[in-house]
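Reading through the C-alpha cells given below for one structure.
Number of protein chains: 2
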Amino acid sequence: MKSSYFSLTLITILFFAGMESLTAQEISAMQAPRVVSPEVNGDNSVTFRIFSEKTNEVTINGSWMGFRETLPLTKGENGVWSVTVDPLPSSMYHYNFFIDGVAAIDVTNPHALRDGTRYASLLMVPGEDAKVFQLNDTPHGNISQVWYPSPTLGTDRRMYVYTPPGYNSSTESYPVLYLLHGAGGDEDAWTSLGRANLILDNLIASGKAKPMLVVMTNGNAWQTSTLRQIPGLPAPTRETFPQYQGKFEKSLVEDVLPYIEENYRVIRDKDHRALAGLSMGGGHTITASINYPGTFGYIGVFSSGIFDANADMEEMEKKFQALKASGVNKYWVACGEDDFVMESNKRLLSILEKTGLEHEYFENKGGHTWANWRTYLSMFSPMLF
Amino acid sequence: MKSSYFSLTLITILFFAGMESLTAQEISAMQAPRVVSPEVNGDNSVTFRIFSEKTNEVTINGSWMGFRETLPLTKGENGVWSVTVDPLPSSMYHYNFFIDGVAAIDVTNPHALRDGTRYASLLMVPGEDAKVFQLNDTPHGNISQVWYPSPTLGTDRRMYVYTPPGYNSSTESYPVLYLLHGAGGDEDAWTSLGRANLILDNLIASGKAKPMLVVMTNGNAWQTSTLRQIPGLPAPTRETFPQYQGKFEKSLVEDVLPYIEENYRVIRDKDHRALAGLSMGGGHTITASINYPGTFGYIGVFSSGIFDANADMEEMEKKFQALKASGVNKYWVACGEDDFVMESNKRLLSILEKTGLEHEYFENKGGHTWANWRTYLSMFSPMLF
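Here it is, written out as C-alpha cells:
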C-alpha cells in the first residue's frame, strides 16, 4: 500500500510542482490498484480491503467483535484482500488488520486513533447514533495542551483543556468537568479514542449539555506527559507501585484545580465542579471525592469501583458519610454487564447503599470498552450543572 | 505483537484490579516473548525487532535511507525478526516495517508520528544533534487547537497555536511566526513530524531564539481541519484545483492574522511578524509575502520556490520590488542539493538576485525531507525578531 498513499501525495505535489517531471517508478506507483478501505455500503455493511501480493493470511479484529476474535480476509484479483461484515449499527468503531499475525493499522484509512501505546483505524458507521461522536457542522470548542507546575509530583506536567465554543469571545465564567482516563491511557486518551471534545461540541450545540470546560489530566503519577517518565523516578512495577498510590488524586485537587481556577474563567464552587473517570480513573474519582469532600458536586464512576477486596470498609464508609454530608448533587455509576470489574463495581454500589448516598446506576451490554465510555460520557455530561 | 502491548496494559490494570482474576488466555499472552524495538545500542547502531511466526518477509525503510530503499530483517528463534543498522548520527528519524510488503508501524514502539495520511514510528538517536528535537527538562510552551472563522473560505477552520513558556503568567506582547506545511500535510504536520513546539522550547530555553508565538494553519483551502473536507466543495483534482489557488494565502492574511492579533497578546507590526513554509507552504509564503508587502518582515522559504516555469516573471519581479520597498529584515531560502524542487528553488533565487532583494541561501545534503525541514526551522527561528 506504500504505492497508494504515496500516489495521493504525489498528485497533490503535482498541482504545485507543475512542470517537475516524474520518474518512471513514480508513474508506475500511481498506476497501482487503488484500494478503498473501509467502505461503508448502502445497508451499513462494511467492506475492508488491503493490497498485499506476498501475504499468507490477513485477518481483522474490530471493536464490534470479541476482544480476541478475528475474521479472515480473502485474496482477490490484483492482490487485494477483502472481507465484508454484516450491517453494523450506526456508531463509532475502531479496528486493526493482522498481516500474517502482525497487528497493523489500515494504511488506506488516514484516520487512526491512539489508545495508550496502541494505534487503531477509525470506522464511523453513519446514522443517528454516530452523530454524537462525529465532527459535525456545529461550533467547535478548542483543545489546549497545557503544561502546569505540580508541586505534589515535583515536576511540570501536561493536561488537555477543552474550552467550549464561545469561550474566547465571552466574559462569562463556566463550570468544569475533570475527566480521568484508565490504566494504559494518558492525557490524550479522552480526546483520541474518547472523542470527549466532539461529544461536548455536539451535546452543547443541541442544547443537551451546558457549555463547560473539560480538563483531561495524566493520571499516571510517574509520567510528565504522554508516555514520558518523570526523570529520576523508578518505572512502576509491583514493587515500586505503592510509592505512587494516592499521589495523582492529591495532585489533581491540590495542583490542577487551583491552576485551572487561576488561569481560566471558571466558577469556583463544588456545584460547578464535576469529577468523572473510567476504570483506573474511576478509582481516582472515588478516592479524590472522598478525600476532599465538598470539592466536587457531581461524580461519575465508569466501569470501575472499589478494586481492593481487602479495603477497610468501615473506614471507607466513614469517608462516604462525610462526602454525603458535604452535599452531592449527582452520583452516577455505570458499568457493562460483562465487565471484568463487576465485583469492584458491586463493592462501590454496596457502600453507596449502606451510606444512603443517593445515586443512579446504569448497566448496559458489553464490557471494558471505549464504546461504553463514550456512551457514558454522552449520558453523564447532560446531567451536569 | 498483540500479546506484548496487551500484557503491558494488563500489568498496569493489575495494580488497580488487585483481586480480579486473569483468564488462562490472558496469562499466556503475558508470557509471549517480550520484544524491544527499536533498541539503540552503545555505539548508536540500532536494532529493530518484530515478532511474527507466519510472515514470509519483513523489511524496513527508515528516514536515514533512500525513499524506496528497504533492508531485510532475518527471522530468529521464537519468531522474532531483527536487523541491526550501522551507527547513525545523533538525530530524530522515523521508519516503517513492511510485513510481506504491507507498510506498518512498529507495534512495540508506542511513539508514532503522523505525516499527512501516513503513520511512521519514531527513532531518536541520542546525542548533541537530537537534543533540539527532544522533549527536554526545560519549560514547555502550550499548543492549542483553535477554531476560527474564515470569511474568505466561508467556514470555521482549525489551526494550532504555540504559545511560549511564560505566556500565561506574563503581560508582555510577543512576536509571531506563521509556519506553513507542505502538500499532503495539514495543521498537525509541523508539531507531529516537524516538532516545531519542541524545537522552539529548546531554542528558547538555551537563549538562542526569542520567545514567540508559532501559528500553524491548514494550507489546504478545501479543508476545515485535518483531513476534513469543507462541506459542499469538490475534492481537489486537476480540474477543480484552480478554484482553490490563492485562496489560502488570502485567508491567512485576511482571516488568520486579524484573529491572532485580536485574541492573543502579540505585537502588531511587520517587524514582529515572520512567515515561513516548506514545499507547498513555501509557495504560499512567496505568494502571501508579495501580495501583501509590508505585512511580514521576516520570510523563510524551505525546499520550495517558484513552481510555475511559465510564470510571468516580469509581473512577479514588480511584486518582489514592492516587497523589497516595504522593508524586509530577513529573507532566508534553504534547499537540499538533491531536492526535486531545485529548479523551482533556482527560479526564486534568480528573481531575488534580479530584484536585489537582500537574502541568504543555505544548501545542504538531502532532499525533500522532514529531517531538512526540522533543521531549517532550528536555523531560521534564531534569526527572528
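Each protein sequence line maps, in turn, to chains A and B. Counting from 1 along the first sequence, just add 8 to a position and that's the residue number in the working numbering. Counting from 1 along the second sequence, just add 8 to a position and that's the residue number in the working numbering. Cβ atoms here follow ideal geometry from the backbone N, Cα and C, with glycine treated the same way.
Rounded straight-line distance, which links the Cα of residue j to that of residue i
i      : j      : result
N318/A : R355/A : 11 Å
G202/A : R382/A : 6 Å
V66/A  : L81/A  : 6 Å
N353/B : K373/B : 15 Å
M391/B : A284/B : 12 Å
E361/A : I294/A : 15 Å
S386/A : Y252/A : 31 Å
V43/B  : L211/B : 35 Å
G227/B : A111/B : 27 Å
N380/B : S389/B : 14 Å
G193/B : H102/A : 23 Å
R126/A : A191/A : 13 Å
W378/A : G344/A : 11 Å
Y402/B : M100/B : The displayed coordinates of chain B run from 9 to 393. Any statement about residue 402/B would go beyond what the structure contains.
K326/A : E257/A : 19 Å
A282/A : Y182/A : 12 Å
G375/B : E351/B : 13 Å
P173/B : E61/B  : 48 Å
A213/B : G124/A : 29 Å
P239/B : E180/B : 39 Å
I359/A : V184/B : 55 Å
F315/A : V349/A : 8 Å
K278/B : Y267/B : 16 Å
Cβ-Cβ separation, residue j to residue i (assumed contact under 8 Å), whole Å
i      : j      : result
D114/B : F105/B : 6 Å
L357/B : V341/B : 6 Å
V223/A : V264/A : 7 Å
L161/B : A229/B : 6 Å
F393/A : M132/A : Not a contact, Cβ separation roughly 29 Å.
F304/B : S312/B : Rounded, the Cβ-Cβ distance is 15 Å, inconsistent with contact.
T248/A : D209/A : 40 Å between Cβ atoms; not a contact.
R165/B : T232/B : 5 Å
F310/B : L286/B : 4 Å
S71/B  : S158/B : S71/B to S158/B, Cβ: 34 Å. No contact.
V54/A  : L121/A : Their Cβ separation, rounded to whole angstroms, is 17 Å, which puts V54/A and L121/A out of contact at 8 Å.
V91/B  : L79/B  : 6 Å
I107/B : D320/A : 51 Å between Cβ atoms; not a contact.
S334/A : G302/A : 4 Å
M167/A : T225/A : 5 Å
I151/A : Q153/B : 5 Å
Proximal residues of chain A, C-beta to C-beta of residue i below 8 Å
i      : result
Y103/B : Residues of chain A passing the Cβ test: none, with the nearest at roughly 13 Å.
H119/B : L235
D164/B : P147, H148
Chain B residues whose Cβ lies nearer than 7 Å to that of residue i
i      : result
N150/A : S152, Q153, V154, W155
N380/A : Per Cβ cutoff of 7 Å: no residues; N380/A is ~16 Å from chain B at best.
With 16 other Cβ atoms within 10 Å as the buried cut-off, status of residue i
i      : result
S129/A : buried
F75/A  : exposed
N205/B : buried
I35/A  : Here I35/A scores only 40 on pLDDT, less than 50, and its place in the model should not be relied on; the value that follows carries that caveat. Exposed is the call here.
N49/B  : exposed
V149/A : The amino acid at residue 149/A is misidentified as Val; the sequence shows Gly. Under this definition G149/A is a buried residue.
T245/B : exposed
N117/B : buried
E270/A : exposed
A197/A : buried
P46/B  : buried
N86/B  : exposed
E195/B : buried
G135/B : exposed
S200/B : buried
Chain-ordered chain A contacts of residue i [CB-CB under 9 Å]
i      : result
E65/B  : K62
N271/B : N176, S177
Within chain B, partners of residue i - CB distance below 8 Å
i      : result
G5/A   : One cannot answer for residue 5/A here, as it falls past the ends of chain A, which runs 9 to 393.
P239/A : D145
Partners in chain A for residue i, counting only beta-carbon separations shorter than 7 Å
i      : result
A112/B : I107, V110, A112
Y127/B : I113, A120, Y127
Handout entry: Ranges of the alpha helix (DSSP H) found wholly within the region 262–316 of chain A, counting only runs of at least 4
Key = Runs found: 265–271, 288–299.
Practice task
Mind listing, in chain order, the continuous alpha helix (DSSP H) runs of no fewer than 4 residues lying wholly within the region 346–382 of chain B?
Solution key: Whole alpha helix (DSSP H) segments, 4+ residues: 350–363.
Handout entry: Entirely enclosed beta strand (DSSP E) segments - the region 161–244 of chain B, minimum 3 residues
Key = Listed in chain order, they are 163–171, 184–188, 221–224, 231–233.
Practice task
May I have a chain-ordered list of the beta strand (DSSP E) segments no shorter than 3 residues that lie completely inside the region 81–169 of chain B?
Solution key: Assignment of beta strand (DSSP E) within the region 81–169 of chain B, counting only whole runs of 3 or more residues, yields 88–93, 99–107, 110–112, 120–123, 126–133, 150–158 in chain order.
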